[in-house]
Amino acid sequence: MTYQLLPEWVTQEAVILAWPHQQTDWAPWLQDTRSVYLNIITHITQSTGVVVLLVAEQDIVDVQLQLADFTGVLIVPAQFNDTWVRDYGFLTVEHDGQVQPIEFEFNGWADKYAADLDTQVNRRYLAPLLSQPLISFPEIVEGGALEIDGDGHLLSTAQCLLHPKRNPQLTEQDYHAL
Numbered sequence: 242m243t244y245q246l247l248p249e250w251v252t253q254e255a256v257i258l259a260w261p262h263q264q265t266d267w268a269p270w271l272q273d274t275r276s277v278y279l280n281i282i283t284h285i286t287q288s289t290g291v292v293v294l295l296v297a298e299q300d301i302v303d304v305q306l307q308l309a310d311f312t313g314v315l316i317v318p319a320q321f322n323d324t325w326v327r328d329y330g331f332l333t334v335e336h337d338g339q340v341q342p343i344e345f346e347f348n349g350w351a352d353k354y355a356a357d358l359d360t361q362v363n364r365r366y367l368a369p370l371l372s373q374p375l376i377s378f379p380e381i382v383e384g385g386a387l388e389i390d391g392d393g394h395l396l397s398t399a400q401c402l403l404h405p406k407r408n409p410q411l412t413e414q415d416y417h418a419l
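Going letter by letter, the sequence shown gives residues 242 to 419 in my numbering.
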């Protein structure tokens with residue numbers, strides 16, 4: 242039973258974005274950041290779908306109006322702490338010839354930031370949208386800390402994976418065996 246992580250350049254059904262809101266680090270630059278997000282969404286929708294997670298009810302209405310002419314955008318009301326969904330969102334693997342969503346535990350960058358809402362995003366908001374069941378792994382991993390080449394190689398840093406607040410029970414040799 243092997244799981245092959247897929248690189249980020251494979252064909253995707255959608256890209257997941259978490260819309261900046263007042264309680265995120267983007268608050269001082271919120272309008273500028275939201276303009277950039279709209280630009281990103283505009284470009285992504287030229288080749289694939291976009292799932293936009295939104296917290297505030299008014300943001301949902303505003304974004305729906307701004308993206309009314311776009312196809313392939315799904316707006317999902319959701320609660321989250323941080324916009325960097327690449328670290329806490331699910332990853333995809335090939336397993337038994339099928340694409341399968343997987344998730345790892347997330348602890349807010351080694352307990353540096355609150356992540357109580359981020360840890361619920363996959364199961365509570367995204368899993369109901371998936372055609373395959375979401376498989377959970379107990380290891381604490383930030384998805385953005387993993388680079389996959391598509392040939393079975395994974396690149397990360399010891400500083401991230403071997404941090405004492407992330408999987409202290411695992412050694413470098415354990416990671417190589419995974």
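Each residue gets a CB set at the ideal place from its N, CA and C atoms; glycine is no exception.
Nearest residue (CA-CA) to residue i, options the options
{"i": "GLU383", "options": "ASP310, GLY290, ALA356", "result": "ALA356"}
{"i": "TYR354", "options": "ASP300, GLU298, ASP266, GLN245", "result": "ASP266"}
{"i": "VAL293", "options": "TYR278, HIS404, GLY393", "result": "TYR278"}
Exposure label - residue i; buried when at least 16 CB within 10 Å
{"i": "PRO342", "result": "buried"}
{"i": "ILE281", "result": "exposed"}
{"i": "PHE345", "result": "buried"}
{"i": "GLY391", "result": "exposed"}
{"i": "THR333", "result": "buried"}
Sub-8 Å separation of residue i and residue j beta-carbons
{"i": "LEU258", "j": "VAL291", "result": "yes"}
{"i": "GLN330", "j": "THR286", "result": "The question names Gln, yet the displayed sequence has Gly at residue 330. Their beta carbons are not under 8 Å apart, which means GLY330 does not touch THR286 by this criterion."}
{"i": "LEU375", "j": "GLN320", "result": "no"}
{"i": "ASP328", "j": "PHE311", "result": "no"}
{"i": "THR289", "j": "VAL251", "result": "no"}
Sequence-distant residues of its chain with Cβ nearer than 7 Å to residue i (five each side left out)
{"i": "THR274", "result": "PRO261, TRP267"}
{"i": "GLN305", "result": "ILE316"}
Cβ-based neighbour list, residue i, same chain, cut-off 6 Å, excluding 5 preceding and 5 following
{"i": "GLU388", "result": "LEU396"}
{"i": "SER276", "result": "none"}
Proximity test, Cβ basis, 8 Å: residue i and chain B
{"i": "ASP266", "result": "No chain B is part of this structure, which consists of one protein chain only."}
Q: Please specify which runs of the alpha helix (DSSP H), each continuous and at least 4 residues long, are wholly inside the segment 245 to 308, giving them in chain order.
A: List check, alpha helix (DSSP H) in window: 271 to 285, 298 to 307.
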